[in-house]
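Numbering (this note's numbering), first residue to last: 1118 to 1478. Presented below is the structure to which this report refers.
Quick look at the structure:
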């Protein structure tokens, strides 16, 4: 396909902060963005237009797609039927395969396993009849996670011993789930890569991620991964992206367990720009949002090398009240999402604190 010319229109499914930052990046390259969402959100404030409608209205979604040249999405729970309705009119990038796999933890883990990618033990739990077999396969302690819609620690329940699985199943609303072995990891890391229409792949540096209450709090580069283990992390993520025929930025979350036959275990992947890649906006010449737009538009990929060390900190809930101090802080790059209400657990912005290479803070 020919690269989209500046002035072309990119459609975005979803109106959240990721869509906002995608639209802002697209505008820097001369593109216009149109949003489709069930609500007016942060992305709507920086886009040409927002079409408000439910994801079930496939005719409306198709009419929206006709106003675009290519369509992407900002979150992985876009219904596959909705994305398919778009694809009958305009290209969707990343494609439907990535959505189908990422939306279901069991499919995601089975897919990774089929590729020979290292992953913690897991078992499907559809109901009480599966409890015994799942415990026999996975053991305890373990975590029960809903197969769909869990994020930021939601839809999860930890069990310390086999007898607690019934209570955990009630805690996740008796939804179809996966039981996953608890991993004794040194730290959590993520691989951010961008893959072009032609299959060219470029990687960003690997951040170390710190979570609090199931929500990402900080992502820091450089990480402490030894070079050989960082190379293995990139190999795993690249293999996954190739198998999906992926186009755009993907975030692959991993547990770093250290020395041994497999130093890393995949946790999950997100077929979109990723919270742990927000540091790239200020510490790289071309950040993840611009590179995603470049990829879906068929443009050459931008440089992913890091020119600064960086710690990204999410501003969650009332954290955002410190914006005057953050705006005045030397070396701090403040990004606010324009949300109208500060609630506990809600991401309202982030701050990237830069320092010279080799002098991370």
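Built from N, CA and C at the ideal position, the CB exists for glycine as well.
Between which two residues does the beta strand (DSSP E) harbouring residue i extend?
i	result
residue 1151	1149–1154
residue 1262	1259–1263
residue 1273	1273–1276
residue 1298	1294–1298
residue 1128	1126–1130
residue 1319	1318–1320
Taking just the CA atoms, how far does residue j sit from residue i?
i	j	result
residue 1435	residue 1366	30 Å
residue 1362	residue 1446	42 Å
residue 1345	residue 1241	33 Å
residue 1243	residue 1138	38 Å
residue 1350	residue 1410	24 Å
residue 1187	residue 1152	12 Å
residue 1318	residue 1418	9 Å
residue 1343	residue 1252	34 Å
residue 1235	residue 1320	20 Å
residue 1408	residue 1293	36 Å
residue 1284	residue 1357	34 Å
residue 1467	residue 1312	25 Å
residue 1220	residue 1190	13 Å
residue 1478	residue 1290	Because the pLDDT at residue 1478 is just 49, under 50, the model does not fix this residue reliably, and the point stays unresolved.
residue 1310	residue 1265	24 Å
residue 1148	residue 1125	5 Å
residue 1471	residue 1136	24 Å
residue 1287	residue 1281	10 Å
residue 1329	residue 1360	32 Å
residue 1339	residue 1175	44 Å
residue 1177	residue 1120	27 Å
residue 1534	residue 1439	The requested residue 1534 is not part of the displayed model; the chain covers only 1118 to 1478.
residue 1203	residue 1405	24 Å
residue 1226	residue 1364	21 Å
residue 1431	residue 1379	30 Å
residue 1216	residue 1150	21 Å
residue 1399	residue 1256	43 Å
Quick one: give me the first and last residue of the alpha helix (DSSP H) that residue i is part of.
i	result
residue 1144	1134–1145
residue 1286	1282–1288
residue 1165	Careful: residue 1165 lies outside any alpha helix (DSSP H) and carries neither H nor E.
residue 1479	Nothing can be reported for residue 1479: it is not among the residues displayed for the chain, which extend from 1118 to 1478.
residue 1444	1440–1445
Under the three-state reduction of DSSP, which class applies to residue i: helix, strand or coil?
i	result
residue 1326	strand
residue 1469	strand
residue 1478	Bear in mind that a pLDDT of 49 at residue 1478, under 50, signals an unreliable position, so the model cannot answer this.
residue 1452	strand
residue 1355	helix
residue 1349	helix
residue 1120	coil
residue 1310	strand
residue 1342	coil
residue 1266	coil
residue 1458	coil
Rounded C-beta distance between residue i and residue j? I'm assuming under 8 Å.
i	j	result
residue 1239	residue 1295	5 Å
residue 1199	residue 1172	4 Å
residue 1274	residue 1261	5 Å
residue 1373	residue 1304	5 Å
residue 1388	residue 1193	5 Å
residue 1205	residue 1179	7 Å
residue 1370	residue 1384	4 Å
residue 1401	residue 1424	7 Å
At the 8 Å Cβ level, is residue i part of the contact set with chain D, yes or no?
i	result
residue 1325	This model lacks chain D altogether; it includes just one protein chain.
Can you give, in chain order, each stretch of the beta strand (DSSP E) that sits fully within the segment 1177–1222 and has at least 3 residues?
-> Within the segment 1177–1222, complete beta strand (DSSP E) segments of at least 3 residues are found at 1187–1190, given in chain order.
In the segment 1220–1245, which residue ranges form an unbroken alpha helix (DSSP H) of at least 4 residues, counting only runs that do not cross its ends?
-> With a minimum length of 4 residues, the continuous alpha helix (DSSP H) runs that stay inside the segment 1220–1245 are 1222–1231.
Can you list the alpha helix (DSSP H) stretches of 4 or more residues lying completely in the segment 1360–1436, in chain order?
-> 1397–1400, 1405–1413
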